[in-house]
Amino acid sequence: MDFIKNKLLTIVLVLCLAFTIFIGITAGHKGNTGLFQNIISITLQPIQKNLYKAGQRISNVFYFVSSIANLKKENDMLKKEVEELRLKLVDYDKVKRENQELNSLLNFKNSNANLKLIGANVIAKVGRDWFDVILIDVGAKDGVKKGQYVIAGNGFVGQIIEVNQNSSKVMTLLDEMANIPAKVSSTEEVGLVSGVKTINKDKQCKITLLPFDTKAKEGDLVVTTNIITEDSSLVQNDILIGKITYIEDEKPNLTKLAYIRPAVDFNKLEKVMVIIK
Amino acid sequence: MKRVFVFVVLGIFSVILQQAFLSSLIQNINFDLVLVFIICSSLLLDEAESFLVAFFTGIVFDSFLPYIFGVNSIVYVITAYLLALIQKKIYKEKTVILLFLTFTFTLFKYFIYFSSYYIASISIDFLSVLKQDFIIEVTLNMLVSKFLYNLLKGIIYSYLQKEWKF
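As structure tokens, this is what we get:
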């Protein structure tokens with residue numbers, strides 16, 4: 002203790018230098034895995050898992066109580082929505098097309114029977130406001146590899162960016178650096194999906210690099226696409242990402258970008274599936 | 289040594305609390321419990337103790353961060369060192385001093401984060417992060433720091449009082 006006290010400035014400076022080198026090394030490798038990280042994640046995983054669940058439960062109770070107050074408002078809103086849906090029924094062609102699209106997406110698993118999926122629990126959200134990354138409780142020993150896609154019941158969640166022995170980090174599509182290849186289902190136009198930095202509770206993502214004369218419109222579905230033709234590619238086609246809410250010009254490029262409401266509710270994410278091919 | 293052990297455990301617990309419990313309880317949580325913990329503990333412990341607590345907590349926190357390792361460790365170690373240097377020269381019981389220190393070191397954290405991400409060539413829209421997150425985070429950090437400081441002070445005075453050496 003006395004040694005540390007006497008040499009504190011030297012130790013602090015040496016450590017700062019060492020950590021700066023670490024930052025350089027780990028940033029170059031685009032990964033933060035290793036024995037030490039493995040030990041820490043294995044040790045803390047059970048506590049994190051339980052605390053995450055506890056937090057979700059308490060949050061659900063608050064959500065339930067607050068939703069009671071909104072019941073009347075919600076009822077009116079739902080009535081309005083039912084009216085809108087009735088009007089939509091008249092537009093038979095549109096409904097038929099959407100129905101076909103949704104069916105193909107919902108039957109993703111059936112039509113891809115050769116795919117191997119494994120279930121996983123979300124155990125933490127890491128990176129705070131800086132990254133939208135979740136930690137799941139399956140890792141290398143379950144066959145998870147970097148680059149594999151993660152889905153939830155109703156859509157795309159993100160991509161595995163780091164794999165530890167029994168846990169993995171998933172960069173969700175809400176992250177600004179996600180860059181997932183995707184296409185607008187109705188027009189087959191390809192773009193890149195990434196997150197949008199927002200302070201709102203309802204996080205959105207966006208698809209960029211759409212052609213300037215794009216035919217995409219509000220309400221169109223966005224799905225993943227495989228631009229790599231290799232068989233070894235881990236990327237899967239036609240996983241629902243979300244619905245376009247708004248389209249605008251992408252400055253300074255001569256392209257358009259569309260904001261997407263994700264199909265998955267990231268605030269309530271507990272169980273996911275990893276496509277391990 | 290007992291104080292260091294207890295505070296390191298509390299530090300790791302605050303890391304877990306931050307990313308497993310609070311992140312699922314409050315959506316888009318905007319305060320940095322771990323940084324506030326380091327600030328408060330550094331004001332209460334002596335130089336060597338606060339350095340060790342900051343070092344171990346930083347390493348554990350960094351193990352969970354994607355892409356880069358070491359940013360939080362640098363922030364916490366320097367914060368602990370600077371606070372250990374000045375803590376005997378200021379009247380730390382005054383709330384305004386605690387709030388000012390929390391503000392300053394939250395700003396310092398952003399500075400180190402921005403520098404590190406720049407060095408590591410990670411593209412982050414710094415301006416929008418600063419505009420959207422900083423004001424809310426610093427306000428909440430200041431609020432939390434008052435409660436946490438009193439809590440940690442209570443723990444030290446009740447269980448971890450240093451014995452006088454004559």
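Protein sequences appear in the order of chains U and X.
Yeah, the first sequence ends on 278 if you go by our numbering, and it's all consecutive.
Yeah, the second sequence ends on 454 if you go by our numbering, and it's all consecutive.
Glycine residues also receive a C-beta, built at the ideal position from the N, C-alpha and C atoms.
N- and C-terminal bounds of the beta strand (DSSP E) containing residue i
i	result
U/S195	V191 to G196
U/K6	No beta strand (DSSP E) contains U/K6, which is instead part of the alpha helix (DSSP H) from D3 to N7.
U/I277	From DSSP, U/I277 is part of no beta strand (DSSP E); its letter is neither H nor E.
X/L431	Element bounds for X/L431: not the beta strand (DSSP E) but the alpha helix (DSSP H), I423 to Y447.
U/A125	L118 to V127
U/V151	Y150 to A153
U/I137	V134 to I137
Where residue i falls: helix, strand or coil (DSSP)
i	result
U/S169	strand
U/N61	helix
U/G159	strand
X/K382	coil
U/N227	coil
U/L106	Residue placement at U/L106 is poorly supported in this model, since its pLDDT is 48, which falls under 50; the coordinates still yield a value, given next. The answer is helix: DSSP assigns U/L106 an H, G or I state.
X/D320	coil
U/T215	coil
U/Y247	strand
U/P182	strand
U/T188	coil
X/I356	coil
U/N238	coil
U/V164	strand
U/L175	coil
X/I410	coil
U/L210	strand
Short Cβ contact (7 Å threshold) for residue i with residue j
i	j	result
U/V273	U/G156	no
U/V243	U/V224	According to the sequence provided, residue 243 of chain U is Gly. The question's Val does not apply to it. Contact: no.
U/I261	U/I245	yes
U/I161	U/V171	yes
U/I208	U/A179	no
U/E249	U/T215	no
X/V297	X/V348	no
X/I362	U/F20	yes
X/L331	X/L371	yes
U/K198	X/S416	yes
U/G148	X/P354	no
U/G159	U/T173	yes
X/S351	U/I24	no
U/A121	U/L136	no
U/V194	X/V365	no
Rounded C-alpha distance that separates residue i from residue j
i	j	result
U/N165	U/V134	14 Å
X/I444	X/V294	10 Å
X/E335	X/K376	10 Å
U/Q237	X/D413	29 Å
U/Y53	U/K146	24 Å
U/L106	U/P263	Low local confidence applies: a pLDDT of 48 at U/L106 is under 50, so the model's placement there is unreliable, and no value is given.
X/G299	X/L439	14 Å
X/T427	X/S433	10 Å
U/K97	U/I26	53 Å
X/I400	X/F344	18 Å
X/L340	U/D143	36 Å
X/K450	X/R291	9 Å
U/K252	U/A217	18 Å
U/Y333	X/F388	Only positions 2 to 278 of chain U appear in the structure, and residue 333 of chain U is not among them; the question remains open.
X/I424	U/L16	31 Å
U/I119	X/Q306	28 Å
U/S168	U/V83	43 Å
U/F63	U/A70	11 Å
U/L79	U/V66	19 Å
X/M289	X/E337	8 Å
U/D176	U/I276	20 Å
X/S329	U/N76	50 Å
X/L386	X/G442	16 Å
U/R87	U/L210	35 Å
U/I22	U/L72	55 Å
Endpoints, alpha helix (DSSP H) assigned at residue i
i	result
X/E335	E335 to F352
U/T256	Careful: U/T256 lies outside any alpha helix (DSSP H), inside the beta strand (DSSP E) at T256 to P263.
X/L298	K290 to I304
X/I366	V359 to I374
X/V417	F414 to V417
### Task
Output, in sequence order along the chain, the residues in the segment 250-265 of chain U whose CB is closer than 7 Å to any CB in chain X.
none
### Task
Please list the residues of the segment 41-52 of chain U that have a C-beta atom closer than 8 Å to any C-beta atom in chain X, keeping them in chain order.
I41, S42, L45, I48, Q49, K50 and L52
### Query
Which residues, in chain order, does the segment 350-364 of chain X contribute to contact with chain U at a C-beta distance below 7 Å?
S351, F352, L353, P354, Y355, I356, F357, G358, V359, S361 and I362
### Message
Under 8 Å, CB to CB, which of the residues in the segment 168-185 of chain U have a partner in chain X?
### Response
K170, M172, E177 and M178
### Query
Between the segment 9-24 of chain U and chain X, which residues of the former have a C-beta closer than 9 Å to a C-beta of the latter?
L9, L10, I12, V13, L16, C17, A19, F20, T21, I22, F23 and I24
### Query
Along the segment 371-402 of chain X, what residues have a CB closer than 8 Å to any CB found in chain U?
A372 and Y401
### Task
May I ask you to list, following chain order, the residues of the segment 211-229 of chain U that have a beta carbon less than 8 Å from some beta carbon of chain X?
none
### Task
Using a Cβ-Cβ cut-off of less than 8 Å, list which residues of the segment 131-147 of chain U approach chain X; keep chain order.
W131, F132, V134 and L136
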